[in-house]
Amino acid sequence: VQMETIFTLSDILAVVRVCPKEFYSVTEIVFSLPSVVSIFVLKRKPLWTNFRIFPISLSRIVTNESIYYHYISLCVHKLGIFQATLLYIGGRIGFLTSDVTGLLNDLRDFQPYYFSTVPRVLIRVYNQVMQRVSSSKLLIYLLRWAIRQKLQEQGRGIFRKAGLLDRIFFKPIRDKTGGHIQIVVSSSAPISDEVLDFTRAAFSCPVIECYGLTETSGILCATLLGDMNPGHIGTPYLDFQIKLVDVPEMNLVVKRDGMGEICAKGQACTKGYYQDAINTKKLFEPEGFLRTGDIGVWTKDGALKVVDRRKSFFKLAQGEFVTPKKVEELYASSQLVSNVFVDGDAHQTFVVAIVEPNFGELRKRLGQQMNGTLSNGSIHHQPRQNGSLVPCAQDLTDEELCQNASVRRLVLNELTQIGRNGGLKGFEQAKAIHLSAHPFTVDNGMLTPTLKVSRPNVRRHFVSVIRQLYAEHKE
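Count along the sequence shown starting at 1, add 376, and that's the number in this note's numbering.
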(Lines of atoms letter the chains of each structure in order from A and count residues from 1; the text may use other names and numbers.)
(Lines give C-alpha, C1' and ligand atoms only; values in the text may rest on other atoms or scores of the structure.)
Protein backbone atom coordinates (compact mmCIF):
# COMPACT_ATOMS: atom_id res chain seq x y z
CA VAL A 1 0.00 0.00 0.00
CA GLN A 2 1.41 3.32 -1.05
CA MET A 3 0.36 6.47 0.85
CA GLU A 4 -0.01 9.74 -0.97
CA THR A 5 -0.28 13.08 0.78
CA ILE A 6 -3.15 15.04 -0.71
CA PHE A 7 -2.92 17.99 1.70
CA THR A 8 -1.69 18.60 5.19
CA LEU A 9 -3.32 20.21 8.21
CA SER A 10 -1.12 23.23 7.62
CA ASP A 11 -2.53 23.50 4.09
CA ILE A 12 -6.08 23.56 5.49
CA LEU A 13 -5.27 26.11 8.18
CA ALA A 14 -3.61 28.34 5.62
CA VAL A 15 -6.93 28.52 3.76
CA VAL A 16 -9.45 28.79 6.60
CA ARG A 17 -7.50 30.59 9.30
CA VAL A 18 -9.34 33.77 10.30
CA CYS A 19 -7.34 36.96 10.36
CA PRO A 20 -8.91 39.40 12.83
CA LYS A 21 -8.12 42.36 10.58
CA GLU A 22 -9.79 40.96 7.45
CA PHE A 23 -13.19 42.15 6.25
CA TYR A 24 -16.17 40.44 7.84
CA SER A 25 -19.05 42.26 6.22
CA VAL A 26 -20.20 45.44 4.56
CA THR A 27 -23.66 46.48 5.73
CA GLU A 28 -25.71 49.17 4.02
CA ILE A 29 -27.68 51.53 6.25
CA VAL A 30 -29.87 54.50 5.41
CA PHE A 31 -29.11 57.87 7.01
CA SER A 32 -32.09 59.52 5.34
CA LEU A 33 -33.22 58.83 1.82
CA PRO A 34 -31.58 58.89 -0.63
CA SER A 35 -28.35 58.84 1.42
CA VAL A 36 -27.09 55.27 1.90
CA VAL A 37 -23.74 54.39 3.48
CA SER A 38 -21.94 51.10 4.00
CA ILE A 39 -20.50 50.14 7.38
CA PHE A 40 -17.31 48.19 7.13
CA VAL A 41 -16.74 45.55 9.82
CA LEU A 42 -13.60 43.53 10.57
CA LYS A 43 -13.81 39.83 11.47
CA ARG A 44 -12.61 40.41 15.02
CA LYS A 45 -15.63 42.56 15.86
CA PRO A 46 -18.52 40.08 15.50
CA LEU A 47 -16.27 37.29 16.77
CA TRP A 48 -15.61 39.33 19.88
CA THR A 49 -19.32 39.97 20.33
CA ASN A 50 -20.22 36.32 19.72
CA PHE A 51 -17.76 34.48 21.87
CA ARG A 52 -17.00 36.96 24.63
CA ILE A 53 -20.35 38.67 25.24
CA PHE A 54 -23.37 36.49 24.42
CA PRO A 55 -22.19 33.25 26.06
CA ILE A 56 -21.39 35.08 29.29
CA SER A 57 -24.74 36.84 29.58
CA LEU A 58 -27.08 34.19 28.16
CA SER A 59 -25.26 30.88 28.69
CA ARG A 60 -27.74 29.73 31.34
CA ILE A 61 -30.74 30.45 29.12
CA VAL A 62 -29.64 29.85 25.51
CA THR A 63 -28.61 26.20 25.04
CA ASN A 64 -28.49 23.61 22.26
CA GLU A 65 -32.17 22.92 22.99
CA SER A 66 -33.12 26.53 22.29
CA ILE A 67 -35.41 27.56 19.44
CA TYR A 68 -35.10 31.13 18.22
CA TYR A 69 -37.73 32.81 16.04
CA HIS A 70 -36.50 35.54 13.70
CA TYR A 71 -38.85 38.05 12.10
CA ILE A 72 -36.92 41.33 12.17
CA SER A 73 -34.74 42.37 9.23
CA LEU A 74 -31.20 40.96 9.21
CA CYS A 75 -29.96 44.52 8.82
CA VAL A 76 -30.25 44.53 12.63
CA HIS A 77 -26.68 43.42 13.26
CA LYS A 78 -27.21 41.97 16.73
CA LEU A 79 -29.73 39.47 15.35
CA GLY A 80 -27.33 38.14 12.74
CA ILE A 81 -24.65 37.83 15.40
CA PHE A 82 -27.02 36.06 17.78
CA GLN A 83 -28.01 33.62 15.03
CA ALA A 84 -24.33 32.75 14.55
CA THR A 85 -24.00 32.24 18.30
CA LEU A 86 -27.08 30.02 18.43
CA LEU A 87 -25.79 27.85 15.58
CA TYR A 88 -22.42 27.65 17.32
CA ILE A 89 -24.17 26.37 20.47
CA GLY A 90 -26.35 23.97 18.46
CA GLY A 91 -29.74 25.66 18.68
CA ARG A 92 -32.45 25.99 16.05
CA ILE A 93 -33.80 29.00 14.17
CA GLY A 94 -37.20 29.66 12.62
CA PHE A 95 -37.89 32.47 10.15
CA LEU A 96 -40.96 34.53 9.32
CA THR A 97 -42.97 32.52 6.80
CA SER A 98 -44.95 35.37 5.22
CA ASP A 99 -45.22 38.93 6.51
CA VAL A 100 -45.49 40.31 10.03
CA THR A 101 -49.26 39.72 10.08
CA GLY A 102 -48.48 36.00 10.37
CA LEU A 103 -46.33 36.53 13.45
CA LEU A 104 -48.65 34.81 15.95
CA ASN A 105 -49.20 31.80 13.68
CA ASP A 106 -45.44 31.35 13.33
CA LEU A 107 -44.89 31.65 17.08
CA ARG A 108 -47.51 28.97 17.72
CA ASP A 109 -45.86 26.65 15.19
CA PHE A 110 -42.21 27.26 16.13
CA GLN A 111 -42.76 27.41 19.92
CA PRO A 112 -39.55 29.43 20.44
CA TYR A 113 -37.63 29.68 23.71
CA TYR A 114 -36.09 33.03 22.82
CA PHE A 115 -38.18 35.91 21.45
CA SER A 116 -36.43 39.05 20.21
CA THR A 117 -38.96 41.74 19.42
CA VAL A 118 -39.62 45.49 19.35
CA PRO A 119 -41.79 47.63 21.65
CA ARG A 120 -44.38 48.16 18.93
CA VAL A 121 -45.35 44.47 19.04
CA LEU A 122 -45.44 44.39 22.84
CA ILE A 123 -47.56 47.56 22.93
CA ARG A 124 -50.04 45.94 20.57
CA VAL A 125 -50.35 42.86 22.80
CA TYR A 126 -50.78 45.10 25.85
CA ASN A 127 -53.47 47.22 24.17
CA GLN A 128 -55.41 44.14 23.07
CA VAL A 129 -55.53 42.81 26.63
CA MET A 130 -56.46 46.20 28.09
CA GLN A 131 -59.18 46.53 25.46
CA ARG A 132 -60.71 43.20 26.53
CA VAL A 133 -60.85 44.16 30.22
CA SER A 134 -61.74 47.84 29.76
CA SER A 135 -65.48 47.25 30.18
CA SER A 136 -65.11 45.93 33.74
CA LYS A 137 -63.52 47.83 36.63
CA LEU A 138 -63.23 44.53 38.49
CA LEU A 139 -61.24 42.91 35.67
CA ILE A 140 -58.96 45.95 35.43
CA TYR A 141 -58.32 45.79 39.19
CA LEU A 142 -57.64 42.04 39.11
CA LEU A 143 -55.28 42.38 36.13
CA ARG A 144 -53.25 45.12 37.82
CA TRP A 145 -53.18 43.15 41.07
CA ALA A 146 -51.96 40.06 39.18
CA ILE A 147 -49.19 42.10 37.53
CA ARG A 148 -48.05 43.47 40.89
CA GLN A 149 -47.98 39.98 42.40
CA LYS A 150 -45.96 38.63 39.47
CA LEU A 151 -43.43 41.45 39.70
CA GLN A 152 -42.98 40.95 43.43
CA GLU A 153 -42.26 37.25 42.86
CA GLN A 154 -39.89 37.95 39.97
CA GLY A 155 -38.02 40.42 42.16
CA ARG A 156 -37.23 37.41 44.38
CA GLY A 157 -36.18 35.32 41.37
CA ILE A 158 -39.45 33.36 41.15
CA PHE A 159 -41.00 32.91 37.68
CA ARG A 160 -44.21 30.94 38.20
CA LYS A 161 -46.74 30.08 35.52
CA ALA A 162 -49.56 28.98 37.80
CA GLY A 163 -52.57 30.30 39.67
CA LEU A 164 -56.12 31.30 38.79
CA LEU A 165 -55.33 34.86 37.65
CA ASP A 166 -52.39 33.61 35.60
CA ARG A 167 -54.70 31.19 33.77
CA ILE A 168 -57.27 33.95 33.20
CA PHE A 169 -55.02 36.79 32.01
CA PHE A 170 -51.59 35.47 31.01
CA LYS A 171 -51.79 31.84 29.90
CA PRO A 172 -53.83 32.72 26.76
CA ILE A 173 -51.05 35.12 25.73
CA ARG A 174 -48.34 32.49 26.24
CA ASP A 175 -50.40 29.88 24.36
CA LYS A 176 -50.74 32.23 21.37
CA THR A 177 -46.95 32.67 21.30
CA GLY A 178 -46.06 28.98 21.50
CA GLY A 179 -46.07 28.53 25.27
CA HIS A 180 -42.30 27.98 25.63
CA ILE A 181 -40.78 31.48 25.68
CA GLN A 182 -38.12 31.68 28.40
CA ILE A 183 -36.67 35.09 27.64
CA VAL A 184 -37.94 38.20 25.84
CA VAL A 185 -35.47 40.72 24.42
CA SER A 186 -36.78 44.13 23.38
CA SER A 187 -34.71 46.50 21.27
CA SER A 188 -34.81 49.31 18.68
CA ALA A 189 -36.67 51.74 21.00
CA PRO A 190 -37.34 52.27 24.71
CA ILE A 191 -40.36 50.50 26.16
CA SER A 192 -42.71 52.25 28.58
CA ASP A 193 -42.70 51.18 32.23
CA GLU A 194 -46.32 50.03 32.06
CA VAL A 195 -45.82 47.84 28.99
CA LEU A 196 -42.56 46.44 30.39
CA ASP A 197 -44.24 45.40 33.66
CA PHE A 198 -47.11 43.81 31.74
CA THR A 199 -44.71 41.87 29.46
CA ARG A 200 -42.78 40.51 32.43
CA ALA A 201 -45.99 39.34 34.07
CA ALA A 202 -47.58 37.95 30.90
CA PHE A 203 -44.63 35.80 29.81
CA SER A 204 -43.44 35.02 33.36
CA CYS A 205 -39.82 35.20 32.25
CA PRO A 206 -36.91 37.69 32.22
CA VAL A 207 -37.31 40.64 29.86
CA ILE A 208 -34.08 42.28 28.68
CA GLU A 209 -33.88 45.68 27.03
CA CYS A 210 -31.00 46.14 24.58
CA TYR A 211 -29.42 49.17 22.99
CA GLY A 212 -26.93 49.25 20.17
CA LEU A 213 -26.15 50.27 16.62
CA THR A 214 -25.00 48.56 13.47
CA GLU A 215 -21.82 50.61 13.96
CA THR A 216 -21.21 48.82 17.29
CA SER A 217 -21.85 45.34 15.80
CA GLY A 218 -25.06 45.01 17.73
CA ILE A 219 -25.54 45.37 21.44
CA LEU A 220 -23.83 48.22 23.26
CA CYS A 221 -25.82 48.12 26.51
CA ALA A 222 -28.39 45.76 28.01
CA THR A 223 -30.28 45.38 31.25
CA LEU A 224 -29.02 42.69 33.60
CA LEU A 225 -30.91 39.52 34.44
CA GLY A 226 -32.71 40.15 37.71
CA ASP A 227 -32.81 43.94 37.30
CA MET A 228 -36.48 44.84 37.78
CA ASN A 229 -36.05 48.63 37.63
CA PRO A 230 -37.67 50.08 34.48
CA GLY A 231 -36.78 53.23 32.58
CA HIS A 232 -33.23 52.47 31.39
CA ILE A 233 -31.30 50.26 28.95
CA GLY A 234 -28.81 48.82 31.40
CA THR A 235 -25.04 48.96 31.61
CA PRO A 236 -22.29 48.76 28.96
CA TYR A 237 -21.35 45.32 27.68
CA LEU A 238 -17.84 43.96 28.10
CA ASP A 239 -15.03 45.94 26.46
CA PHE A 240 -17.23 48.96 25.71
CA GLN A 241 -16.45 52.36 27.16
CA ILE A 242 -19.30 54.86 27.13
CA LYS A 243 -19.29 58.56 27.86
CA LEU A 244 -21.61 61.52 27.39
CA VAL A 245 -20.37 64.59 25.51
CA ASP A 246 -21.67 68.15 25.26
CA VAL A 247 -24.02 69.13 22.44
CA PRO A 248 -23.39 72.85 21.81
CA GLU A 249 -26.21 73.43 19.31
CA MET A 250 -28.72 72.16 21.89
CA ASN A 251 -27.02 74.05 24.74
CA LEU A 252 -26.46 70.72 26.51
CA VAL A 253 -23.51 70.67 28.92
CA VAL A 254 -22.94 67.29 30.56
CA LYS A 255 -21.49 68.64 33.82
CA ARG A 256 -24.39 71.05 34.21
CA ASP A 257 -27.32 69.11 32.76
CA GLY A 258 -26.23 65.51 33.36
CA MET A 259 -27.24 64.84 29.76
CA GLY A 260 -25.34 64.60 26.49
CA GLU A 261 -24.68 62.61 23.33
CA ILE A 262 -23.82 58.96 23.94
CA CYS A 263 -20.37 58.05 22.60
CA ALA A 264 -18.79 54.58 22.68
CA LYS A 265 -15.43 52.90 22.14
CA GLY A 266 -14.62 49.18 21.98
CA GLN A 267 -13.35 46.21 19.96
CA ALA A 268 -16.77 45.70 18.37
CA CYS A 269 -17.04 49.24 16.99
CA THR A 270 -16.64 49.81 13.27
CA LYS A 271 -13.61 51.59 11.90
CA GLY A 272 -15.80 53.71 9.70
CA TYR A 273 -17.91 53.85 6.56
CA TYR A 274 -16.65 52.08 3.47
CA GLN A 275 -15.03 54.50 1.01
CA ASP A 276 -16.71 57.45 2.76
CA ALA A 277 -14.11 59.59 4.51
CA ILE A 278 -16.48 62.51 5.13
CA ASN A 279 -19.08 60.58 7.13
CA THR A 280 -16.36 58.52 8.83
CA LYS A 281 -14.79 61.72 10.14
CA LYS A 282 -18.16 62.90 11.47
CA LEU A 283 -18.70 59.52 13.17
CA PHE A 284 -15.91 59.94 15.72
CA GLU A 285 -15.24 62.62 18.33
CA PRO A 286 -11.67 63.85 19.05
CA GLU A 287 -10.81 61.07 21.54
CA GLY A 288 -11.82 58.32 19.11
CA PHE A 289 -15.22 57.57 20.62
CA LEU A 290 -17.98 56.69 18.16
CA ARG A 291 -20.89 59.14 18.13
CA THR A 292 -24.19 57.25 18.41
CA GLY A 293 -26.40 60.23 17.59
CA ASP A 294 -28.50 59.53 20.71
CA ILE A 295 -28.94 61.78 23.72
CA GLY A 296 -28.59 59.94 27.02
CA VAL A 297 -28.38 60.34 30.77
CA TRP A 298 -26.92 58.19 33.56
CA THR A 299 -29.38 57.12 36.24
CA LYS A 300 -28.51 57.30 39.95
CA ASP A 301 -27.82 53.53 39.84
CA GLY A 302 -25.29 53.87 37.03
CA ALA A 303 -27.51 52.62 34.21
CA LEU A 304 -27.85 54.40 30.87
CA LYS A 305 -31.12 55.94 29.72
CA VAL A 306 -31.70 57.01 26.13
CA VAL A 307 -33.70 60.24 25.87
CA ASP A 308 -34.03 60.58 22.09
CA ARG A 309 -32.15 60.86 18.82
CA ARG A 310 -30.03 63.98 18.59
CA LYS A 311 -31.56 64.81 15.22
CA SER A 312 -35.10 64.25 16.53
CA PHE A 313 -34.98 67.10 19.06
CA PHE A 314 -36.48 70.34 17.86
CA LYS A 315 -36.79 73.82 19.31
CA LEU A 316 -40.03 75.82 19.34
CA ALA A 317 -40.36 79.55 18.73
CA GLN A 318 -40.07 80.44 22.43
CA GLY A 319 -36.85 78.42 22.83
CA GLU A 320 -38.21 75.23 24.43
CA PHE A 321 -36.65 71.94 23.32
CA VAL A 322 -39.10 69.10 22.64
CA THR A 323 -38.23 65.40 22.83
CA PRO A 324 -40.66 63.83 20.34
CA LYS A 325 -39.89 60.26 21.41
CA LYS A 326 -41.15 60.95 24.94
CA VAL A 327 -44.39 62.40 23.58
CA GLU A 328 -44.85 59.62 21.02
CA GLU A 329 -44.30 56.88 23.62
CA LEU A 330 -47.08 58.31 25.78
CA TYR A 331 -49.48 58.83 22.88
CA ALA A 332 -48.77 55.32 21.53
CA SER A 333 -50.13 53.87 24.78
CA SER A 334 -53.63 54.94 23.69
CA GLN A 335 -55.78 52.10 22.42
CA LEU A 336 -56.96 54.47 19.68
CA VAL A 337 -53.46 54.72 18.19
CA SER A 338 -51.58 52.31 15.93
CA ASN A 339 -48.73 54.69 15.06
CA VAL A 340 -47.99 58.32 15.85
CA PHE A 341 -45.51 60.94 14.68
CA VAL A 342 -44.97 64.23 16.55
CA ASP A 343 -43.30 67.21 14.87
CA GLY A 344 -42.58 70.90 15.29
CA ASP A 345 -40.09 73.60 14.34
CA ALA A 346 -38.48 76.81 15.54
CA HIS A 347 -41.05 79.03 13.81
CA GLN A 348 -44.03 77.57 15.69
CA THR A 349 -45.18 77.71 19.32
CA PHE A 350 -46.77 74.25 19.48
CA VAL A 351 -46.34 70.73 18.13
CA VAL A 352 -48.58 68.71 15.82
CA ALA A 353 -49.08 64.98 15.35
CA ILE A 354 -49.81 62.55 12.53
CA VAL A 355 -51.82 59.59 13.86
CA GLU A 356 -52.60 56.24 12.26
CA PRO A 357 -55.72 55.20 14.20
CA ASN A 358 -56.65 51.76 15.47
CA PHE A 359 -59.90 51.76 13.51
CA GLY A 360 -61.45 48.82 15.34
CA GLU A 361 -61.09 50.48 18.74
CA LEU A 362 -61.99 53.88 17.27
CA ARG A 363 -65.32 52.61 15.92
CA LYS A 364 -66.03 50.89 19.22
CA ARG A 365 -65.34 54.08 21.16
CA LEU A 366 -67.44 56.19 18.82
CA GLY A 367 -70.30 53.72 19.14
CA GLN A 368 -70.20 54.02 22.92
CA GLN A 369 -70.38 57.81 22.72
CA MET A 370 -73.17 58.24 20.14
CA ASN A 371 -76.12 58.32 22.54
CA GLY A 372 -77.30 54.80 21.82
CA THR A 373 -77.10 54.88 18.04
CA LEU A 374 -75.28 51.54 18.30
CA SER A 375 -77.25 48.79 19.95
CA ASN A 376 -75.96 45.21 20.44
CA GLY A 377 -73.57 45.69 17.55
CA SER A 378 -76.32 46.44 15.01
CA ILE A 379 -76.19 49.58 12.92
CA HIS A 380 -78.67 52.37 13.49
CA HIS A 381 -78.89 55.95 12.33
CA GLN A 382 -79.61 59.08 14.29
CA PRO A 383 -82.19 61.36 12.62
CA ARG A 384 -81.38 65.01 12.07
CA GLN A 385 -84.00 67.70 12.67
CA ASN A 386 -84.61 67.95 8.93
CA GLY A 387 -85.40 64.24 8.73
CA SER A 388 -82.14 63.09 7.09
CA LEU A 389 -79.99 60.42 8.68
CA VAL A 390 -76.62 60.87 10.40
CA PRO A 391 -74.48 57.80 9.62
CA CYS A 392 -72.92 56.09 12.61
CA ALA A 393 -69.25 55.19 12.79
CA GLN A 394 -69.84 51.73 11.31
CA ASP A 395 -71.23 53.29 8.12
CA LEU A 396 -68.19 55.44 7.43
CA THR A 397 -65.05 54.37 5.60
CA ASP A 398 -61.66 54.77 7.24
CA GLU A 399 -61.02 57.82 5.07
CA GLU A 400 -64.33 59.42 6.08
CA LEU A 401 -63.62 58.80 9.76
CA CYS A 402 -60.23 60.47 9.44
CA GLN A 403 -61.75 63.55 7.82
CA ASN A 404 -64.49 63.91 10.44
CA ALA A 405 -63.82 66.81 12.82
CA SER A 406 -65.61 65.14 15.74
CA VAL A 407 -63.48 62.02 15.34
CA ARG A 408 -60.28 64.07 15.28
CA ARG A 409 -61.43 65.91 18.38
CA LEU A 410 -62.12 62.63 20.18
CA VAL A 411 -58.61 61.32 19.42
CA LEU A 412 -56.94 64.64 20.28
CA ASN A 413 -58.78 64.86 23.62
CA GLU A 414 -57.62 61.35 24.55
CA LEU A 415 -54.01 62.10 23.61
CA THR A 416 -54.11 65.34 25.58
CA GLN A 417 -55.42 63.54 28.67
CA ILE A 418 -52.77 60.81 28.35
CA GLY A 419 -50.08 63.45 27.98
CA ARG A 420 -51.36 65.34 31.01
CA ASN A 421 -51.39 62.15 33.09
CA GLY A 422 -47.87 61.38 31.86
CA GLY A 423 -46.53 64.75 32.99
CA LEU A 424 -46.11 66.44 29.61
CA LYS A 425 -45.70 70.20 29.71
CA GLY A 426 -48.09 72.39 27.77
CA PHE A 427 -45.67 73.09 24.93
CA GLU A 428 -45.03 69.33 24.50
CA GLN A 429 -48.70 68.55 23.87
CA ALA A 430 -49.97 68.32 20.29
CA LYS A 431 -52.47 71.09 19.63
CA ALA A 432 -53.54 69.74 16.24
CA ILE A 433 -53.56 66.28 14.67
CA HIS A 434 -54.08 64.66 11.31
CA LEU A 435 -55.58 61.17 11.11
CA SER A 436 -54.10 59.02 8.34
CA ALA A 437 -56.26 56.31 6.79
CA HIS A 438 -53.21 54.75 5.16
CA PRO A 439 -51.20 52.39 7.41
CA PHE A 440 -47.55 52.93 8.24
CA THR A 441 -45.61 49.97 6.84
CA VAL A 442 -42.04 48.99 6.02
CA ASP A 443 -42.97 48.68 2.34
CA ASN A 444 -44.17 52.29 2.04
CA GLY A 445 -41.19 53.57 4.04
CA MET A 446 -43.18 54.91 6.98
CA LEU A 447 -41.62 52.26 9.24
CA THR A 448 -38.00 51.17 9.48
CA PRO A 449 -37.06 47.47 9.22
CA THR A 450 -37.13 47.42 13.04
CA LEU A 451 -40.74 48.71 12.92
CA LYS A 452 -39.95 52.17 14.26
CA VAL A 453 -41.58 55.22 12.70
CA SER A 454 -39.17 56.61 10.09
CA ARG A 455 -39.18 60.28 11.03
CA PRO A 456 -37.55 61.66 7.83
CA ASN A 457 -39.88 59.70 5.56
CA VAL A 458 -43.05 60.51 7.50
CA ARG A 459 -42.12 64.19 7.66
CA ARG A 460 -41.40 64.24 3.92
CA HIS A 461 -44.65 62.43 3.09
CA PHE A 462 -46.84 64.67 5.25
CA VAL A 463 -45.02 67.97 4.75
CA SER A 464 -48.03 69.70 3.16
CA VAL A 465 -50.38 68.27 5.81
CA ILE A 466 -48.16 69.61 8.60
CA ARG A 467 -48.12 73.06 6.97
CA GLN A 468 -51.91 72.97 6.76
CA LEU A 469 -52.25 71.99 10.44
CA TYR A 470 -50.20 75.01 11.45
CA ALA A 471 -52.12 77.29 9.10
CA GLU A 472 -55.48 76.17 10.52
CA HIS A 473 -54.48 76.28 14.20
CA LYS A 474 -52.56 79.51 14.68
CA GLU A 475 -52.24 80.34 18.40
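Backbone N, C-alpha and C fix where the C-beta goes; we use that ideal spot for every residue, glycine too. Bear in mind the structure is a predicted one, so any value in this text is a computation, not a measurement.
Closest in C-alpha terms to Pro733, from the list Ala722, Lys701, Gln779, comes Gln779. C-alpha of Asn797 to C-alpha of Ala522: approximately 23 Å in a straight line. Residue range 727-733 is occupied by the beta strand (DSSP E) that includes Ala729. Here DSSP, grouped into helix, strand and coil, assigns Ala522 to helix. Membership of Phe717 in the beta strand (DSSP E) is indicated by the continuous run 713-719.
Under the 10 Å beta carbon count, Ala598 is surrounded by 16 or more other beta carbons and is classified as buried. By the Cβ-count criterion, Leu777 is buried, with 16 or more other Cβ atoms from all chains shown falling within 10 Å of its own Cβ.
Straight across, the Cα-Cα distance linking Cys645 with Ser510 is about 47 Å. Around the Cβ of Met822, a 10 Å sphere holds 16 or more other Cβ atoms; the residue is buried. Close CB contacts of Ser714 within its chain, under the 6 Å cut and outside five residues either way in sequence, are with Glu732, Asn734 (chain order). The beta carbon of Gly607 lies closer than 7 Å to those of Asp569, Lys681 in the same chain, with the five residues before and after it left out. In this structure, Ile609 lies away from Val728, with their beta-carbon atoms at least 8 Å apart. Its Cα nearest to that of Asp677, the residue Asp603 stands out among Pro548, Asp603, Arg508, Ala640.
Our two residues, Leu772 and Ser688, have alpha carbons roughly 35 Å apart in a direct line.
Beta-bridge analysis with DSSP links Val560 to Phe491, Val583.
Nearest neighbour of Glu441 by Cα position, chosen from Glu704, Gln724, Gln558, turns out to be Gln558. Counting C-beta pairs with one atom in each stretch, the segment 637-655 and the segment 612-620 have three or more that are closer than 8 Å, which means they touch.
Here Arg739 is buried. Its C-beta has 16 or more other C-beta atoms within 10 Å.
Annotated as distal: Tyr613 and Ile584, with beta-carbon spacing of 8 Å or more. The alpha-carbon separation between Leu480 and Lys552 amounts to approximately 6 Å. The continuous stretches of beta strand (DSSP E) do not include Val623, and DSSP gives it neither H nor E. Within the DSSP secondary-structure output, His446 pairs in a beta bridge with Phe471.
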